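K.L.:
1 is the number of the first residue of the sequence shown in this note's numbering; add one for each residue after it.
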Amino acid sequence: MSCSCRKGKSAKKLKTKEIDELLKFLKKNPELFFFIANLVNSFRPIDPERIKAERVFLTVREVHELGLLSFSQSEELFRLLKNFFVEKTDKQRGNFLELLVSILGPFTFKAKNKRINQCKMFKKYKKLSDKEIDVAFSSKEYLEVHECKSNMGRQWRDPLSKKSKKGAKLFFMNELPEVCKSKRKVIVCCSGLDGELTTCYVKKVFKFYKFKNIKVIGRKELLEKIKASF
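1. Round the Cβ separation of residue 201 and residue 160 to the nearest angstrom and send it over; I've been treating them as touching at under 8 Å.
2. Quick one, are the C-beta atoms of residue 230 and residue 27 less than 7 Å apart?
3. Helix or strand or just coil, what does DSSP make of residue 200?
4. Quick one: any contact between the region 98-107 and the region 53-64, if contact means 3 or more CB pairs under 8 Å?
5. Ignoring anything shorter than 3 residues or poking outside the region 85-144, list the beta strand (DSSP E) runs there in chain order.
6. Any contact of the region 126-141 with the region 110-117, i.e. 3+ C-beta pairs under 8 Å?
7. Should residue 36 go down as buried or exposed, given a rule of 16 or more other Cβ atoms within 10 Å for buried?
8. If you follow the alpha helix (DSSP H) that residue 2 is in, where does it begin and where does it stop?
9. Does the region 67-85 come into contact with the region 144-158, if we say contact requires no fewer than three beta-carbon pairs (one atom in each stretch) closer than 8 Å?
10. What separation, rounded to the nearest whole angstrom, lies between the Cα atoms of residue 31 and residue 203?
11. Assign residue 191 to one of three DSSP states: helix, strand, or coil.
12. Using a Cβ-Cβ cut-off of 7 Å (strictly less than) and excluding sequence neighbours within five positions of residue 211, which residues of its own chain qualify?
13. If you draw a straight line from the C-alpha of residue 6 to the C-alpha of residue 215, how long is it?
14. Going by Cα to Cα distance, which pick from 183, 132, 22 is closest to residue 84?
15. At what residue ranges does the region 28-87 contain a whole run of the alpha helix (DSSP H), taking only runs of 4 or more?
16. Please confirm if the region 120-131 is in contact with the region 44-60, defined as three or more CB-CB distances below 8 Å between the two stretches.
17. Shortest alpha-carbon distance to residue 222 belongs to which of 150, 67, 42, 130?
18. Taking the alpha helix (DSSP H) that residue 169 falls in, what are its first and last residues?
19. Which whole-angstrom value is the C-beta distance of residue 9 and residue 117, which I expect to be below 8 Å?
20. Let me know the secondary structure DSSP gives residue 13 once reduced to three states.
21. In chain order, what residues of the same chain lie with their CB nearer than 7 Å to the CB of residue 11, ignoring the 5 residues before and after it?
As structure tokens, then:
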């Protein structure tokens, strides 16, 4: 009996003017993804406005000094990043990643598919949990589900016990391929904007907790998809 991810939301509800403008700029300049991903990944909710503004300035200065953008393009990027990070809530970071994964996916198969955002897992008519799946890609043979965290290293730290909120979500997702075992394969992914070192750390943490069914997708994998898609 196959599973499905249903009762989701439209991706349009996640998109703000700031996210839309930044994604359009990124599509025109995919070589900037590394810098933008690093910037998004570095932010914390407790950061004061001064620190946020300084990080934005340093990122744009580095991009300009490397010759990746003209002065006018750098000014435009500074405006976009300032509006996105400094003047908005931390929630935008997660929505940015979720929309990026929505645009780039699926990551593990190539077939005609339907994308669903913020949906719940069902096995036939039975809802398996109230836990929300950020993004799902559904085809005839595959169901790829994503848990999106802009900073996986900060999110997936010990302890990740089954009784903890974070741990319970991972245990639930890791069990999905077995619970939903059928002709349609369920592929579970945790996606983030972390660099290779932190992505490797997260993989080791998951290995320690025996989350063998969760594929970790970091900045490197996202960049590869961007190069192929944009």
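Where is the CB? At the ideal position from N, CA and C, for every residue including glycine. Every value quoted in this text rests on a predicted model; they were computed, and no experiment measured them.
P.N.:
In short:
1. Not really, about 13 Å apart at Cβ, beyond 8 Å.
2. yes
3. helix
4. no
5. 114-123, 126-138
6. yes
7. buried
8. Careful: residue 2 lies outside any alpha helix (DSSP H) and carries neither H nor E.
9. no
10. 26 Å
11. strand
12. 170, 174
13. 22 Å
14. 22
15. 33-42, 49-65, 71-81
16. no
17. 150
18. 165-179
19. 5 Å
20. helix
21. 99, 102, 117
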